[in-house]
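> Questions regarding the structure given below will be posed in turn.
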Amino acid sequence: MKDNGKFSRIGYELNQQPESSEIDRSSVEGGGGSRHRAGSNMKVINDAIHGQFNLDGVRASLLETPEMNKLSHIKQLGLAHLVFPGAHHTRFEHSLGVSHIGGMMADSIGLDEHEKTLVEVAGMLHDVGHGPYSHTLEHILHERGGLDHMSITEGIILGEYDVLREGEESSVPNRRRIPDILERNDIDPKDVAALIRGPDARGTERTLLAWTDGKEDLVADDRTLANLVHGPVDCDQLDYLLRDAHFTGVKHGIVDHRRLIACLSRHGGDLAVEEGGLAALEGMLVARGLMYSAVYFHRVTRITEVMLSRAVERGADKLPDSMDLQRRVDAEIWQALYDAGDYPRDIMRRLKYRQMFKVAASRRQDELTADQIQRLIEIANDSTKRREIEDDLAHRAGLKPGYVAVDVPSVKLLLSEPRMAQVDIRIIGDDGRTRWFREHTPIAEALRKRQVSQAAVYVMTLPGHEETVAKLAEHHLFS
Numbered sequence: 001m002k003d004n005g006k007f008s009r010i011g012y013e014l015n016q017q018p019e020s021s022e023i024d025r026s027s028v029e030g031g032g033g034s035r036h037r038a039g040s041n042m043k044v045i046n047d048a049i050h051g052q053f054n055l056d057g058v059r060a061s062l063l064e065t066p067e068m069n070k071l072s073h074i075k076q077l078g079l080a081h082l083v084f085p086g087a088h089h090t091r092f093e094h095s096l097g098v099s100h101i102g103g104m105m106a107d108s109i110g111l112d113e114h115e116k117t118l119v120e121v122a123g124m125l126h127d128v129g130h131g132p133y134s135h136t137l138e139h140i141l142h143e144r145g146g147l148d149h150m151s152i153t154e155g156i157i158l159g160e161y162d163v164l165r166e167g168e169e170s171s172v173p174n175r176r177r178i179p180d181i182l183e184r185n186d187i188d189p190k191d192v193a194a195l196i197r198g199p200d201a202r203g204t205e206r207t208l209l210a211w212t213d214g215k216e217d218l219v220a221d222d223r224t225l226a227n228l229v230h231g232p233v234d235c236d237q238l239d240y241l242l243r244d245a246h247f248t249g250v251k252h253g254i255v256d257h258r259r260l261i262a263c264l265s266r267h268g269g270d271l272a273v274e275e276g277g278l279a280a281l282e283g284m285l286v287a288r289g290l291m292y293s294a295v296y297f298h299r300v301t302r303i304t305e306v307m308l309s310r311a312v313e314r315g316a317d318k319l320p321d322s323m324d325l326q327r328r329v330d331a332e333i334w335q336a337l338y339d340a341g342d343y344p345r346d347i348m349r350r351l352k353y354r355q356m357f358k359v360a361a362s363r364r365q366d367e368l369t370a371d372q373i374q375r376l377i378e379i380a381n382d383s384t385k386r387r388e389i390e391d392d393l394a395h396r397a398g399l400k401p402g403y404v405a406v407d408v409p410s411v412k413l414l415l416s417e418p419r420m421a422q423v424d425i426r427i428i429g430d431d432g433r434t435r436w437f438r439e440h441t442p443i444a445e446a447l448r449k450r451q452v453s454q455a456a457v458y459v460m461t462l463p464g465h466e467e468t469v470a471k472l473a474e475h476h477l478f479s
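The sequence shown: position 476 = 476 (my numbering), numbered continuously.
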């Protein structure tokens, strides 16, 4: 199915669905069972991280939408389970957790009921624009279609984009659209989209430190609500740090989130932390940096992601268009790549049986000259140039195209986590004065300068060819 224009409009009538009185989705992780509440639209969630909590009203209705249920089939950490065996959790349960924490934060800073609901709904919907394997393949979607998951999320919330593929409508009878559900509950979809965009409304093109720029709509005068959903300290980060630490078994992400939330304050149109929460804030920011190094940018995790992305890149002529792929889930894109045959099929088989590429060469940033760093950035931002270099190295090594890969991990942070360098937040002292976080602790500057990835560049290849490729990379890439 091809898309005409920025988004394909939903071109069929969507009937209203009666409110459910059955608690029919009672467990995110593990057991649960269901309860019946006559006359109520209440869902009881048994969550591995936050325990039991309720979803009712607008959130219970949103839980039934195809946009939310699609997230049950998209892993939160992509292929990280090949490195951390327990990492099979999904975007769905994360979204519920974000909504729950958003409500806790709203209560802590004294938001009214409407504001709290806005934050909870935005937290629940913040990931509905993710496609299969999430950030792993997002750079391909952005390159080919000019869109990222934030743009698609906004399109879904405003009713301008449909997650269903052609022919799937008949399997989702009596479907209700997300903007219709929001409007029936006196919530403006534009307000929800504005919160998810955050104080900086420029999407993927935002700079790492530009959180005070690009304000518009709901966030023009008061950034508090937007920063609860997408800011230096927000419900999204708190949930994914806790959840990813739990399921990977890596304890770096454990955060004293209850203490941090209890010390949040609404101050001068922005979010602030009382001095009593300073240690919890330090812990959260340190945990974020450590989780990126230990999990998200782990060397073998990067290898799996690069292998998958190269399979999609090099199999493009045998795959559906990028927007059709975006509407699929993890298992569907895996099958599409297998069906494409040749190189994509071989890569998927290697991933299936954990026959990974190996790192032939790598360099830390401090081992590179300024000119080398600039060249690597250009390579990372120009996929055509990168493929030419990869193919040249493969040819010289006696390998087929696609079996040497050059990866510059740090550049990917612009798409996957633009908050990494943002460590400034106001601290309200015991004397009532406000100071920046950096004025209280040297940790702020250390975190800003800290390198997230273990290396600035990796050169990968098939096992047994590492030495040959390393020598070629030294001469043709690093010289």
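We put the beta carbon where it would ideally sit given N, CA and C, even for glycine. All values derive from a computational prediction rather than experimental measurement.
So what's Asp431 in DSSP terms, helix, strand or just coil?
coil
> Using 8 Å for Cβ pairs, my map puts Val163 next to Glu93. What's the rounded Cβ distance?
Not a contact, Cβ separation roughly 18 Å.
> Hey, which unbroken runs of the beta strand (DSSP E) at 3 residues or more fall wholly within the segment 25 to 109?
42 to 47 and 51 to 56
> Where does Tyr292 sit, in a helix, a strand or coil, going by DSSP?
Correct three-state label for Tyr292: helix.
> Give the secondary structure of Lys318 by DSSP, where H, G and I count as helix, E and B as strand, and everything else as coil.
helix
> Please go through the same chain and pick out, in chain order, the residues whose beta-carbon is closer than 8 Å to the beta-carbon of Asn54, but skip the five residues on each side of it.
Result list for Asn54: Met42, Lys43, Val44 and Ile45, in chain order.
> Looking only at DSSP bridge pairs, what is Val459 linked to?
Ala361 and Val406
> Cα separation between Ile333 and Val306?
15 Å
> Nearest-angstrom Cα distance between Ile178 and Val192?
11 Å
> Are Asp386 and Ala380 closer than 8 Å when you measure CB to CB?
The sequence shown places Arg at residue 386, not Asp. Yes, Cβ-Cβ distance for Arg386 and Ala380 is below 8 Å.
> Check for me: the beta strand (DSSP E) holding His267 runs from which residue to which?
Leu264 to His267
> Have a look at Pro458 and His139 and give me their C-alpha separation to the nearest angstrom.
Position check: residue 458 holds Tyr in this sequence, whereas Pro was assumed. Between Tyr458 and His139, the C-alpha separation is close to 18 Å.
> For Arg176, does the three-state DSSP call read helix, strand or coil?
If DSSP states are grouped into helix, strand and coil, Arg176 belongs with coil.
> Rounding to the nearest angstrom, what Cα-Cα distance links Glu282 and Arg345 in this structure?
45 Å
> Could you have a look at Asp324 and say whether DSSP puts it in helix, strand or coil?
helix
> Counting only the same chain and skipping the five closest in sequence on each side, list residues whose C-beta sits under 7 Å from that of Asp234.
Asn227 and Leu228
> With a CB to CB cut of under 6 Å and the five nearest residues on each side skipped, what residues in its chain are close to Gly276?
Sequence-distant Cβ neighbours of Gly276 in its own chain, meaning closer than 6 Å and more than five residues away, are Cys263.
> Might you give, ordered along the chain, the residues of its own chain that have their beta carbon closer than 6 Å to the beta carbon of Ala311, omitting 5 neighbours on each side?
The residues are Leu337, Pro344 and Ile347.
> Roughly how many angstroms lie between the CA atoms of Thr117 and Gly269, to the nearest whole one?
19 Å
> For Arg364, which residues from the same chain have a beta carbon less than 7 Å from its beta carbon, with the 5 sequence-adjacent residues on both sides left out?
Counting only residues of its own chain and dropping the five nearest sequence neighbours on each side, Arg364 has a CB closer than 7 Å to the CB of Ala455 and Ala456.
> Residues in the same chain with beta-carbon distance under 6 Å from Gln326, minus the five sequence neighbours each way, listed in chain order, please.
The residues Gly131 and Leu141, in chain order, have a CB closer than 6 Å to that of Gln326 in the same chain once the five nearest residues on each side in sequence are set aside.
> Please list, in chain order, all residues of the same chain as Ala473 whose beta carbon is under 7 Å from its beta carbon, the five residues on each side excluded.
Once the five neighbours on either side are set aside, the close Cβ partners of Ala473 are Ala360, Ala361, Leu393 and Val459.
> Spatial neighbours of Pro189 within its chain, please: CB distance less than 8 Å, with the 5 preceding and 5 following residues excluded, ordered by chain position.
Around Pro189: Ile157, Leu158, Gly159, Ile178, Pro179, Leu182 and Glu183.
> Counting pairs of Cβ atoms below 8 Å between the segment 71 to 89 and the segment 55 to 63, do you hit three or more?
Cβ pair count under 8 Å is below three, so no.
> Buried or exposed for Gln52, please, with buried defined as at least 16 other CB atoms from any protein chain shown within 10 angstroms of its CB.
exposed
> Would you report the Cα separation of Glu466 and Glu367, rounded to the nearest angstrom?
20 Å
> Restricting to Cα atoms, I'd like to know which of Leu137, His126, His149 and Val286 is closest to Pro442.
Val286
> In whole angstroms, what is the alpha-carbon distance linking His475 and Thr468?
11 Å
> Could you pull the DSSP bridge partners for Trp334 from this structure?
Paired residues: none, contrary to the question.
> Alpha carbon to alpha carbon, how far is Ile373 from Leu477? Give it in angstroms, no decimals.
11 Å
> Assuming Val329 and His135 are in contact, meaning their beta carbons sit under 8 Å apart, how far apart are those beta carbons, in whole angstroms?
Incorrect: roughly 15 Å between the Cβ atoms, too far for contact.
> Tell me the rounded alpha-carbon separation between Asp112 and Arg197.
Between Asp112 and Arg197, the alpha-carbon positions lie close to 21 Å from each other.
> Do you know whose CA, among Leu271, Arg243 and Ala280, lies nearest His257's CA?
Ala280
> Given that a residue counts as buried once 16 or more other Cβ atoms are within 10 Å of its Cβ, and exposed if not, what is Tyr122?
Just to set this straight, residue 122 is Ala in the shown sequence, not Tyr. Under this definition Ala122 is a buried residue.
> Going by CA-CA distance only, name the one from Arg448, Ser99, Asp317 and Asp107 that's closest to His126.
Ser99
> Grab the span of the beta strand (DSSP E) containing Val273 for me, first residue to last.
Asp270 to Glu274
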